[in-house]
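Novice:
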Amino acid sequence: MTGAFVPGAFVRHPGQPDWGYGQIQSVIGDRITVNFEHAGKRLINGAIIDLDLLDGPPVSGSPEQD
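Quick note on numbering: the working numbering labels position 11 of the sequence shown as 11, and the sequence is numbered without any gaps.
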């Protein structure tokens, strides 16, 4: 489902936790471009991958950042 995803939102890829958090850059149809903390820019097919939507950016020093 791509309707909940908007540019600027923060997400995680459930199958790639080592990528860290990502910020959505664009959404075109089911194609979601995300800039991940440890993996760079990735094109995600939202029809196949259900990204985890975060409430906001991770706080510096939190376990997500370590």
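Positions of the beta carbon are idealized from the N, C-alpha and C atoms, including for glycine. Note that this is a predicted model, so its numbers are computed, not measured.
(1) Near A39, what residues of its chain come up, given a Cβ to Cβ distance below 6 Å and the 5 sequence neighbours on each side ignored?
(2) Can you name the start and end residues of the beta strand (DSSP E) that N25 belongs to?
(3) Which same chain residues, not among the five before or five after L53, have their C-beta less than 8 Å away from its C-beta?
(4) Looking at the structure shown, is F10 part of a helix, part of a strand, or coil, going by DSSP?
(5) Give the straight-line distance between the Cα atoms of G15 and E37, rounded to the nearest whole angstrom.
(6) When you compare each of V59, I24 and P17 to K41 by their alpha carbons, which one comes out closest?
(7) If you run the structure through DSSP and keep just helix, strand and coil, what is D52?
Specialist: Judging by the given coordinates:
(1) Translated into positions along the sequence shown, residue 39 becomes position 39. So the list reads W19, once near-sequence residues are dropped.
(2) The sequence position of residue 25 within the sequence shown is 25, counting from 1. What sits at residue 25 in the sequence shown is Gln, not Asn. Unbroken beta strand (DSSP E) run through Q25: G22 to I28.
(3) Start at 1 with the first residue of the sequence shown, and residue 53 comes out as number 53. A4, F5, A9, F10 and V11.
(4) The count along the sequence shown starts at 1 and reaches residue 10 at position 10. When secondary structure is reduced to three states using DSSP, F10 falls in the strand class.
(5) Within the sequence shown, the letter at position 15 stands for residue 15. Within the sequence shown, the letter at position 37 stands for residue 37. Whole-angstrom Cα-Cα distance: 15 Å.
(6) Looking up residue 41 in the sequence shown gives position 41. It is I24.
(7) Numbered from 1 along the sequence shown, position 52 holds the residue referred to as residue 52. Strand, per DSSP.
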